[in-house]
Each structure stands twice: as C-alpha cells, then as structure tokens.
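Student: In case it helps, this note's numbering puts the sequence shown at residues 1 to 114.
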Amino acid sequence: MVVWGVWWQDSFWFSTGRQTRKAKNLAGNRRCVIGTEKSRRSRNSEGTAEAVPDRAAWKQLIEIYNLKYGGDLAPLLESSGSMVFRVTPQTAFGQDEHAENFTEAVTRWTFTKP
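As structure tokens, this is what we get:
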C-alpha cells in the first residue's frame, strides 16, 4: 500500500484510522509491503508492521512528520482515533524507471536483525 509516512529509527512509520481497511488488514496479518509516494525512483519495502501505542513516540514522530509534510498531524491523530504503525523492513527493492535499461535498473536489499 502506498502511504505517507517517514523513515525514523531504521523503520517506516505511518498512521491510519482504526476502522480503515489498512488497519483491519494489519490486524489479521502484520506482514506488509510499503511503497513510497514518489514514483520516479520507486522504493518498496517488505516487512512486519506493529502498532505503536506509546504516545511519547507519537510526539517525536509528529515533529518529524510535520517537518516533512507541513501542517500539524497531532490533532488528526488525536481526534480520529488513529493508530501509528512501525514497519521494520526485511527486504527492500528500488528501481529507477527512467534508467536506460529499465528492466535491469533494479536493486534488492535484505536486512538482518542486529
């Protein structure tokens, strides 16, 4: 699923409403694929999502998110009953769609836990 979010602490963080299809799907199966909102240089990550209930982490995340996108994420998170998820990547793929040889312009990374 393509979502807005930020890379922070070696993970991808995003929020979504508690009743969204995304949240319901993750409740049933935490494995997921994240795609970036920029398609010129596609980057996708496979990993496992975990809900983050820690409001102290949310405060830090909100600051980083606001710097990236502008605005203030805090009221939206608080008023909509949103959830915050952290996806720890296990595999990532990158591709430059404008490369001369598009089919060979793919890179794959596999991450191991420390």
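In this text, a Cβ means the ideal position worked out from N, Cα and C, and glycines have one as well.
Name the two residues that bound the continuous beta strand (DSSP E) containing A105.
Tutor: Per DSSP, A105 belongs to no beta strand (DSSP E) and is neither H nor E.
Student: Would you mind sorting W13 into buried or exposed? The rule is 16 or more other CB atoms within 10 Å of its CB.
Tutor: Buried, since its Cβ has 16 or more Cβ neighbours within 10 Å.
Student: Report yes or no: do the stretch 71–82 and the stretch 45–54 share at least 3 C-beta pairs separated by less than 8 Å?
Tutor: In short, these stretches do not touch, since the Cβ pair count stays below three.
Student: In whole angstroms, what separates the C-alpha of V84 from that of L61?
Tutor: If I take the Cα positions, the gap works out to 9 Å.
Student: Could you pull the start and end residues of the beta strand (DSSP E) that G94 belongs to?
Tutor: G94 -> beta strand (DSSP E) spans S82 to D96.
Student: Helix, strand or coil, according to DSSP, for N66 in the structure here?
Tutor: Three-state DSSP puts N66 in a helix.
Student: Buried or exposed: L67, going by 16 or more other Cβ atoms within 10 Å of its Cβ?
Tutor: Per the 10 Å Cβ criterion, exposed.
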